[in-house]
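This report refers to the structure that appears directly beneath it.
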Amino acid sequence: MPSASPSPLHQAVLRRTILARHLWALVRSAFPHSSTSIFAPAGTPAHSILSLSMLVLGITAAIFLIVAGLLLYAVVRYRHRASDANAAQEPAQIYGSNQIELAWTVIPILIVVLLFLATARIILSTQNAPRPAAALDVTVVGHQFWWEFSYPKLGIVTANELHIPVSDPKHPTPTYLTMTSADTDHSFWVPRLAGKMDLIPNQINTMWLDPQAPGLYLGQCAQYCGVQHAKMLLRVYADTPADFSAWVVRQQQPAVNSPDPQAAAGRAVFQRSVCISCHTVSGTVATGRFGPDLTHLASRETIASGSVPNTPANLRAFVDNPAAFKPGALMPAMHLNQRDLDALTAYLTTLK
Amino acid sequence: MSQAAVIPQTIPWVLPSRGVVGMACLIIAESAIFTIFIVAYIYYLGKDTSGPTPRQVLDLPIFTTLCLLSSSLTVHLAVSALHRANRTFCSLWLAATVLLGGIFLTGTAREWHKLIVRDGLTLQTNLFGTTFYSLVGLHATHVLVGLVMLSLALIFSLNGSMTAKHTGRLEVLSLYWHFVDAVWVVVFTVVYVLGR
Amino acid sequence: MATHTPAPADINQPAGLVTYAAPRRLLLDVLHDWVTTVDHKKLGLMYIGYALIFLVIAGFQALLMRVQLSLPNNTFVSPQTFNSLFTMHGTTMVFFVGMPILFGFGNYLVPLMIGARDMAFPRLNAFSFWISAFGGLLLYFSYFGASGLYGAGSAPDVGWFAYAPLTARVFSPGHSTDYWTLAILLSGIGSIGTALNIVATTLCMRCPGMKLSRMPLLVWLYLVTSSLVFVAVSPLTAAQIMLLLDRYAGSHFFDTQAGGSAVLWMHFFWIFGHPEVYILILPAFAFANEIIPVFSRKAIFGYPAMVAASVGIGFISLSVWAHHMFTVGLGPGANTFFTLATMVISVPTGIKLFNWLATLWGGKIHFTASMMFAIGFLFQFLIAGLSGIMLSVAPMDWQLGNSYFVVAHFHYVLVGAILFMLFSAFYYWYPKMSGRMLSERLGKWHFWIFLIGFHLTFDFMHVPGLLGMPRRIYTYEADRGWMIWNLIISSGAVFQAAGTLLFVYNMVWSYFKGPIAGPDPWDAWTLEWSTPSPPPAYNFAVIPTVESRRPLWDLKHPDDPDSRYE
């Protein structure tokens, strides 16, 4: 497990911030819920960043209160009042004071040293964390405007919805992401799990996630990558070990070859259209890499990179005209006739 | 009215020359531009997977470098000559500077011709091509601009318009020329010595 | 020959001279005068006027964005339009509002404050203005001239920092990106020219007695700012030349598909970009250094420390750039270094803030409109600096970077600190520039309305960032809980617009109807207040000689001159 056992200093600071945390929880409860709040960490990187944030907030709040307090005092106390006895006289001209100036140089330097040391610890513990053998490897490739996820050791390729196992702190099973981009810069940000890491073409970046409670964690691309940057959403499903194994087994199957006649007709439409030049459906002639892998499309809850619920009606409308949902998305409108469109939709919904 | 501190006439109020300060600022800004191109060159050294490498195609341009560096000397001599109001020698040394600079540019042109035609290296070929031509080309452009200005100075020296009282201006121009030469020392070292 | 500073009243009205009223000139003559002028004051005013026009335009672009973001999944503007809006808003505000307005004030004030008649290179000054102005027009011509991939409205849409490889031909076809590149290239040349002028003027044209240690702090800060321009704007120029070569000559500087590096562009851009924000804030500090003492009726506290801190900030600002790149994968070593460097810069910055506090302390503070904006600046700059410290902590930046927290932080600096200080500077120096006082009553309305709008928008803007909202998104999902915050933020924009319009009205109305200012309406101490308002073309009839940092204080207080303490 990446080393995160708190040092005595860290623990002391944590204790002092318990009150701050209670206060904060109270304040937070008044606000509408956000599924992407950095204040609801569910993984170790997000936790350690939040603890550090509390320390930083404490220090900066103290500085603010002191300096703003002094400013406010000065502005009130030393205002010019025409009714004063010596209102017309200029005040004493003070040009400087070596002692005071030394003090307010040295104290900030000490604060900087403290902050820096606390920060350096977290940088190193997060980025130099040793990798446990039980870690899961996922390769993430950013595209305009969707996410490609592949599990090289498991032989799975999927898109947009990332399934990873929950990690028990006592027996950690984190997921290591190896990230790059196929086109422009992107950034992977799921606030409740970790800070963000960019996906840069021609460069490999890595980060790790260890969700400690099962559930769905939301995020989205955080580096402007083009027209539909706003709709490049992330859905990370932290599954219990049993659920995750079951999911893996299903994903490892080749595409469902449904005997339903409409689905078969749809498959024919798919395979004779340009669909196959962009999309892959494993076990068929479709081996395109430009667009998301559709082998298990129907097992996903959303389409269009998390921005549209995966229903037959939406699927049909999306295939007919992607620009209606994501203007500027790189998938062209397919201009199929109604019959072909119905068949194709039926086919796609069988790809579980 | 204050009778305090009348500045005694014996302490002169001397400030630097505007031309020199202005040219120094320009040199700093241009140095920053060159630094970025040099950083790009160094960053991409060894990163190519195809195409010619520096070692394969670059020869040390010793002769043209010597010419360019000597032209710094000749331009300095031109300034000194102008300061002594010796128009003839000023024109002579300016002409020598232009000639030496011209030899340098011609040498660069010949080198590029060889690289393009014989070695197949262009701006588009690979990262080395991109960074080499842009860096050396940026320098050559600065040399060209300098030669144009020096030629103008030569003309003004020959027709008598430029006299000893313009020494400051010629000196400012010579500062630019020294800068161009200094940049070449760095480029030469990075590209032809360290990079090969 | 003058060997001491004449009293203000004597300088330009020697007894016995008869003055004539000049005949009214043709409009064409007036225009010709302004177009061909090399007078630093007229050029300064043109820079300022130009910047104000673009301030209104870019502010309107912000309003459009705020309408779009008020509701989730809104369709007020298309994604393409929104992406162009934030690109143009950022590019305009930095290059065609911030730089010109600050250089405009510098152009106007520096020669006056050092007792010179003009800048060192007046024709270069004019050239710099016109080339920058042309750059701005070129950028906006893209609305008509560029042929983007997605149809009409083809202004650049690559973000104001134009990351590679989004700017490559393959991802940004057409010419919108080229308009961005060329417009900024031209404006960069103008900036370098003006900076060169300021440095040469400051070093070579100070009046007798004005040693460097007697220069007004404004002049010091413009000296540091201009020096930064040389080493900061040039890398951007270089990077843009590389981008143009990539797009048109087939080179591979940032061509990731041929082995080029996207991160290299980021390094080059931020080596420019971080010092650039210091180039924008240092002049605001310059104004504060002049205005706060005058309205506190006290000399600035700690002049030598102020100079040292300003120079220190200039140097350190060159070493912090990669705090914009904490999430790019530079590795823990680099992340740690840039965290430290960024934190270190807070020390000299804090020193400046404490010096202003100490200047106020024990003074007699007059709450003119100008001073109110300056006090707003002090509080808001403190907050902006503290949110900057938070972002300097690399792990916090891993969460908050590229989110609305960052947008809130930098707008807190740009609007809360720089724009507030600019308003303060306007109320302070408008009388000198125009001969009329701005209305104090309207000024106070302007202050309060704008203050409310500023805090509504930018205080609350920190929250969506903390709740996971990235920047540069044309819309957002309804289930994220961001809507209420976006509504509040947008509401503040209306107040700021109203405040700005009130300010513009004040400037226009006061020009014709404002009370006559006279040479020294604020009872101030630096040389510009010894000339008539507005100053004549030659600035000073007699070049003054100075013996201290506050020559007019010495004249007004012959019993207790500053020169006794230096």
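Chains as they are written, first to last, in our numbering: chain X, 1 to 352; chain W, 1001 to 1196; chain B, 2001 to 2566.
Cβ coordinates follow ideal geometry from the N, Cα and C atoms, glycine included.
Only a predicted model underlies this, so the values are computations on that prediction, with no experimental measurement involved.
task = Return the residue from the list X:Pro165, X:Gly291, X:Ile111, X:Cys275 that minimises the CA-CA distance to His335 (chain X).
result = X:Cys275
key: Residues that Leu1123 (chain W) contacts on chain B, provided the C-beta gap is smaller than 9 Å   = Leu2245, Ala2249, Gly2250, Ser2251, His2252
inquiry  = Pairs of beta-carbons, one from the stretch 2369-2385 of chain B and one from the stretch 96-108 of chain X, closer than 8 Å: are there three or more?
reply    = no
key: Cβ distance (whole Å) where Ser48 (chain X) is taken to contact Ile122 (chain X) below 8 Å   = That belief holds up - the Cβ atoms of Ser48 (chain X) and Ile122 (chain X) are roughly 5 Å apart, short of 8 Å.
message = Once DSSP output is grouped into helix, strand and coil, what is the label at Tyr2050 (chain B)?
response = helix
key: Residues that Gly1022 (chain W) contacts on chain B, provided the C-beta gap is smaller than 9 Å   = Ala2120, Phe2121, Leu2124, Leu2196, Asn2197, Val2199, Ala2200, Cys2204
key: Residue range of the alpha helix (DSSP H) that includes Pro2235 (chain B)   = 2217-2248
Buried versus exposed call for Gln220 (chain X) [16 or more other C-beta atoms within 10 Å across all chains shown] = buried
Distance between Ile1103 (chain W) and Arg1118 (chain W) (C-alpha atoms, nearest Å) = 22 Å
request  = Starting from Val2263 (chain B), trace the alpha helix (DSSP H) both ways and give me its first and last residue.
outcome  = 2262-2296
message = When you compare the CB of Glu186 (chain X) with every CB in chain B, is at least one pair closer than 7 Å?
response = The identity of residue 186 (chain X) in the sequence shown is His, whereas the question assumes Glu. No, His186 (chain X) lies away from the interface with chain B (no Cβ there is under 7 Å from its Cβ).
request  = With 8 Å as the limit, tell me which residues of the stretch 210-227 of chain X have their beta carbon closer than that to any beta carbon of chain B; keep them in chain order.
outcome  = Leu218, Gly219, Gln220, Cys221, Ala222, Gln223, Tyr224, Cys225, Gly226, Val227
ask   = Going straight from the alpha carbon of Ala68 (chain X) to that of Asn2107 (chain B), what length do you get?
value = Between Ala68 (chain X) and Asn2107 (chain B), the alpha-carbon positions lie close to 33 Å from each other.
inquiry  = Does Glu2000 (chain B) pass the burial test, meaning 16 or more other C-beta atoms within 10 Å, or should it be called exposed?
reply    = Not covered by the structure: residue 2000 (chain B). The range shown for chain B is 2001 to 2566.
task = Look up Ala238 (chain X) in the DSSP assignment and give the residues it is bridged to.
result = X:Ile164, X:Gly215
message = Quick check: the Cα distance between Leu1099 (chain W) and Arg2206 (chain B), rounded to an integer number of angstroms?
response = 41 Å
ask   = With distances taken from CA atoms, which of X:Ala264, X:His186, X:His279, X:Pro312 is nearest Met232 (chain X)?
value = X:His186
inquiry  = Check whether the stretch 2038-2056 of chain B and the stretch 2123-2141 of chain B are in contact - that is, three or more C-beta pairs closer than 8 Å.
reply    = yes
query = Count the other CB atoms within 10 Å of the CB of Asp2479 (chain B); is the residue buried (16 or more) or exposed (fewer)?
reply = exposed
key: Own chain, CB closer than 8 Å to Thr2003 (chain B), minus 5 neighbours either side, in chain order   = At Thr2003 (chain B), the pLDDT of 43 sits below 50, so the modelled position is not reliable; the number obtained from the coordinates is stated separately. Answer for Thr2003 (chain B): Thr2545, listed in chain order.
ask   = Hey, out of B:Ala2232, B:Val2170, B:Tyr2428, B:Gly2350, whose CA is closest to Ala2189 (chain B)'s CA?
value = Per the sequence shown, residue 2189 (chain B) should be read as Ile rather than Ala. Among B:Ala2232, B:Val2170, B:Tyr2428, B:Gly2350, the Cα nearest to that of Ile2189 (chain B) is on B:Ala2232.
task = Just the chain X side, please: which residues come within less than 7 Å of His2366 (chain B) by C-beta, in chain order?
result = His80
task = Out of W:Val1172, W:Val1191, W:Ala1164, state which residue places its alpha-carbon closest to the alpha-carbon of Ser1083 (chain W).
result = A quick correction: the sequence has His, not Ser, at residue 1083 (chain W). Here the closest residue by C-alpha is W:Ala1164.
CA nearest to the CA of Leu2217 (chain B), picked from B:Thr2475, B:Leu2166, B:Ser2310 = Comparing Cα-Cα distances from Leu2217 (chain B) to each of B:Thr2475, B:Leu2166, B:Ser2310, the minimum goes to B:Ser2310.
task = Check whether the Cβ atoms of Tyr2222 (chain B) and Ala2133 (chain B) lie closer than 7 Å to each other.
result = no
query = DSSP state of Ala120 (chain X), grouped into three classes?
reply = helix
key: Gln2080 (chain B) classed as buried or exposed, judged by whether at least 16 other C-beta atoms fall within 10 angstroms   = buried
key: Glu2566 (chain B) - DSSP class collapsed to helix/strand/coil   = coil
inquiry  = If you reduce the DSSP assignment to three classes, tell me which class Gly2151 (chain B) lands in.
reply    = For Gly2151 (chain B), the pLDDT reaches just 46, beneath the cut-off of 50, and the residue's location in the model is therefore unreliable, although a value from the coordinates is still provided. Three-state result, Gly2151 (chain B): coil.
message = Quick test of the definition: if touching needs 3 or more C-beta pairs under 8 Å, does the stretch 2284-2295 of chain B touch the stretch 2418-2436 of chain B?
response = yes
inquiry  = Looking at Val1143 (chain W): is its Cβ nearer than 7 Å to the Cβ of Val1180 (chain W)?
reply    = yes
ask   = How far does the alpha helix (DSSP H) with Ser1034 (chain W) in it reach, from first residue to last?
value = Per the sequence presented here, residue 1034 (chain W) reads as Phe, with Ser not at that position. First-last of the alpha helix (DSSP H) with Phe1034 (chain W): 1018-1044.
task = With 7 Å as the threshold, decide whether the Cβ of Thr2037 (chain B) is near any Cβ in chain W.
result = no
inquiry  = If the cut-off is 7 Å on Cβ atoms, which residues from the stretch 2547-2560 of chain B count as contacting chain X, listed in chain order?
reply    = none
ask   = Count the other CB atoms within 10 Å of the CB of Asp2010 (chain B); is the residue buried (16 or more) or exposed (fewer)?
value = Interpretation of Asp2010 (chain B) is limited by its pLDDT of 49, a score under 50 that renders its predicted location unreliable; the figure taken from the coordinates is listed afterwards. With fewer than 16 other Cβ atoms within 10 Å, it is exposed.
Bridge partner(s) assigned by DSSP for Thr380 (chain X) = Within the shown structure, residues of chain X are numbered from 1 to 352, placing residue 380 (chain X) beyond reach of any answer.
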